[in-house]
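Asker: Protein chains in written order, with the working numbering: chain A, 1 to 243; chain B, 1001 to 1243.
Heads up, the beta-carbon is just placed ideally off N, CA and C, and yes, glycines get one too.
There are 2 protein chains.
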Amino acid sequence: MPNPTAAMLVIGDEILSGRTRDANMHFLAKALTGHGIELCECRVVRDDQNSIVAAVRALSEGFDHLFTSGGIGPTHDDITADAIAAAFGVPIDIRDDARAVLKAFYDGRGVEATPERLRMARIPEGATLIDNPISAAPGFSLNNVHVMAGVPAIFEAMVASVLPTITGGTPLLSQSLRVDLPEATIAGPLAGLAERFPDLSIGSYPFNMNGAFGANIVIRGHDGARLSAAMIELAGLFPGATG
Amino acid sequence: MPNPTAAMLVIGDEILSGRTRDANMHFLAKALTGHGIELCECRVVRDDQNSIVAAVRALSEGFDHLFTSGGIGPTHDDITADAIAAAFGVPIDIRDDARAVLKAFYDGRGVEATPERLRMARIPEGATLIDNPISAAPGFSLNNVHVMAGVPAIFEAMVASVLPTITGGTPLLSQSLRVDLPEATIAGPLAGLAERFPDLSIGSYPFNMNGAFGANIVIRGHDGARLSAAMIELAGLFPGATG
């Protein structure tokens, strides 16, 4: 059975304006790869209901799982929860379970549960809460969509909460070899190798170090024996030029 | 007239597997904002022809410009140029102008222009070359799509080549204010401010510093006078809590 597939949706004007550099995509990519889930596409859209709804529908239909990041705080520009509800045509309101989580957190700190704070308890009907050990306001999973905060520390904690609840696949194995030759020199032999191992993914990532061109060759696959066989052939292709 | 819009497409399995952290999106976002072009959406897809073609068609139709990054090297996994040609239904082959650029570069270094190297001279019919001052292999613009390398130093040089050829708009101005209050406390007054300035974009970006919650409020817009008026009101909303 092939591994489950996934997509990611990052929601935030601040990424697209260049104010903030997204960090969650790289974190999620590594976490999913380790869990045997294949991340196939990522999108970044603005804090705009129509854009979010369209992306949520396309990506939740196209892949086994969709992970979102951003837009679930208390301010007027946090519209992700409402957009997810709209995408699936379900009602959304302050939910008792989410309110209880927030109230317990605020009570413990002597802080009032104002209407603005309770806005973060707006959860679409039918969703399951995702634990937020840092600032309490929960994420949620609705159907195959997992909705998480944009602040990296909270996003990472939520991924840690939700990932064990998702059935993973065979972890993707990878091995790499550095070749100190220009990419154009290795391209021919490498294409031959890729043809002989169609079940593996063979990538070439060029670099330039102190003026010398080279490439890191990365072979990925689910079968360790095949991976080793391909690595042995790869090393034989460029004798004396591997590091 | 509203500012031109843009999208970005990052092509590369290595980003989605978590092997490499993309750097080009953040660079392009800042460059476009400075040039008065509004980056509205980014996508990351795999080295897969169907995925690239579908994204190129959707994003080049949906926005004034599309910028792509990755997949134009000499190896078998570099399929961007062919996918762009397929997306627009135009022929692609080694082109004399691109071959001349590569040959001059290789001749100057005493390197042979092998078939693998000349693969980087495959350019769709009707495209304009984008200069690559680092390793010669050109990018290209076809219709409203600007195709560039994934290696950050080359990507950045290509953006510098292509951006002056594109008509920009009014640069987006932004001002920000740090408020040392939890986001939930400022949410109400901030929503009121956003209603009074519907022509501006007002974003709230929470942070947690040494256990204390705060938020950076960023106001963006094209009219400096309106921006200043909103900033004065903003500062008055939270006296004594701004940094």
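State the DSSP-derived secondary structure class of V1159 of chain B, mapped to helix, strand or coil.
Answerer: It is helical.
Asker: So is V56 of chain A in contact with chain B if we call contact Cβ pairs under 8 Å?
Answerer: no
Asker: Determine the extent of the alpha helix (DSSP H) in which G108 of chain A is found, giving its start and end residues.
Answerer: Per DSSP, G108 of chain A belongs to the alpha helix (DSSP H) from 96-108.
Asker: Give the straight-line distance between the Cα atoms of Y1106 of chain B and A1006 of chain B, rounded to the nearest whole angstrom.
Answerer: Cα to Cα, Y1106 of chain B sits roughly 35 Å from A1006 of chain B.
Asker: Would you tell me roughly how many angstroms separate the C-alpha atoms of D1078 of chain B and E1014 of chain B, rounded to the nearest one?
Answerer: 12 Å
Asker: Whose CA, out of B:A1085, B:M1158, B:R1119, lies closest to the CA of E1125 of chain B?
Answerer: For E1125 of chain B, the closest C-alpha among the options B:A1085, B:M1158, B:R1119 is that of B:A1085.
Asker: What are the complete alpha helix (DSSP H) segments, minimum 4 residues, inside the region 1188-1237 of chain B?
Answerer: Runs found: 1224-1237.
Asker: Between which residues of its own chain and L1118 of chain B is the CB-CB distance below 8 Å, once the five residues before and five after are set aside?
Answerer: I1094, R1099, L1102
Asker: Per the DSSP calculation, R43 of chain A is bridged to which residue(s)?
Answerer: A:L9, B:R1043
Asker: Between the Cα of S1069 of chain B and the Cα atoms of B:G1169, B:M1148, B:E1183, B:I1166, which residue gives the shortest distance?
Answerer: B:M1148
Asker: Mind listing which residues of the region 1020-1043 of chain B have their C-beta closer than 9 Å to chain A's C-betas, in chain order?
Answerer: T1020, R1021, D1022, A1023, M1025, H1026, F1027, L1028, A1029, K1030, A1031, L1032, T1033, G1034, E1038, L1039, C1040, E1041, C1042, R1043
Asker: Could you tell me how far apart the beta carbons of S1176 of chain B and I1217 of chain B are, in whole angstroms, since I believe they sit closer than 8 Å?
Answerer: 6 Å
Asker: In angstroms with no decimal places, state the Cα-to-Cα distance between G1163 of chain B and R1057 of chain B.
Answerer: Residue 1163 of chain B is actually Leu in this sequence, not Gly. If you take the alpha carbons of L1163 of chain B and R1057 of chain B, they lie about 21 Å apart.
Asker: Check whether the region 1014-1027 of chain B and the region 19-29 of chain A touch, using three or more Cβ-Cβ pairs below 8 Å as the test.
Answerer: yes
Asker: Does the separation of the CB atoms of E1041 of chain B and L1059 of chain B fall below 8 Å?
Answerer: yes
Asker: Spatial neighbours of L200 of chain A within its chain, please: C-beta separation below 7 Å, excluding the five flanking residues on both sides.
Answerer: I219, R220, G221, R226, L227, A230
Asker: What is the residue span of the alpha helix (DSSP H) that G126 of chain A lies within?
Answerer: From DSSP, G126 of chain A is part of no alpha helix (DSSP H); its letter is neither H nor E.
Asker: Extract the residue ranges of the beta strand (DSSP E) inside the region 26-83 of chain A, only unbroken runs of 3 or more that lie entirely within it.
Answerer: 38-45, 65-69
Asker: So, does the CB of R1046 of chain B fall closer than 8 Å to a CB anywhere in chain A?
Answerer: yes
Asker: Return the chain-ordered ranges of every alpha helix (DSSP H) run that is complete within the region 1129-1188 of chain B and spans a minimum of 4 residues.
Answerer: 1152-1162
Asker: What number of angstroms, rounded off, separates the C-alpha of N144 of chain A from the C-alpha of G168 of chain A?
Answerer: 14 Å
Asker: For the region 158-177 of chain A, enumerate the residues whose C-beta is nearer than 9 Å to any C-beta of chain B, in chain order.
Answerer: L172, S174, S176
Asker: Report, in whole angstroms, the separation of the C-beta atoms of I1130 of chain B and S1161 of chain B, which I expect to be a contact under 8 Å.
Answerer: Indeed they touch by this definition, with Cβ atoms about 5 Å apart.
Asker: Looking only at its chain, what residues have a beta carbon closer than 7 Å to the beta carbon of R196 of chain A, apart from the 5 residues adjacent to it on each side?
Answerer: In its own chain, leaving out the 5 sequence neighbours on each side, no residue places its CB closer than 7 Å to the CB of R196 of chain A.
Asker: Evaluate P1074 of chain B with the Cβ neighbour count: other Cβ atoms within 10 Å of its Cβ, from every protein chain shown; 16 or more gives buried, anything less gives exposed.
Answerer: buried
Asker: Contact criterion: CB-CB distance below 8 Å. Does R1117 of chain B meet it with respect to chain A?
Answerer: yes
Asker: Can you tell me which residues form a DSSP beta bridge with T1242 of chain B?
Answerer: B:V1179
Asker: Less than 8 Å separating the beta-carbons of I154 of chain A and N132 of chain A?
Answerer: At a Cβ-Cβ threshold of 8 Å, I154 of chain A and N132 of chain A count as neighbours.
Asker: On the premise that T170 of chain A lies in contact with G34 of chain A, defined as a C-beta separation below 8 Å, what is that separation, rounded to the nearest angstrom?
Answerer: That belief does not hold up - the Cβ atoms of G34 of chain A and T170 of chain A are roughly 12 Å apart, past 8 Å.
Asker: Are the Cβ atoms of D180 of chain A and G236 of chain A separated by less than 8 Å?
Answerer: no
Asker: Our contact map puts E156 of chain A next to F27 of chain A with C-beta atoms below 8 Å; I'd like the distance itself, whole angstroms only.
Answerer: 6 Å
Asker: For V218 of chain A, return the contacting residues in chain B, with the cut-off set at a CB-CB distance below 8 Å.
Answerer: In chain order: E1014, R1019.
Asker: Going by Cα to Cα distance, which pick from B:G1224, B:A1083, B:I1092 is closest to Q1049 of chain B?
Answerer: B:A1083
Asker: Rounded to whole angstroms, what is the Cα-Cα separation between P1206 of chain B and I134 of chain A?
Answerer: 13 Å
Asker: Going by beta-carbon coordinates alone, are I1052 of chain B and I1011 of chain B separated by less than 8 Å?
Answerer: yes
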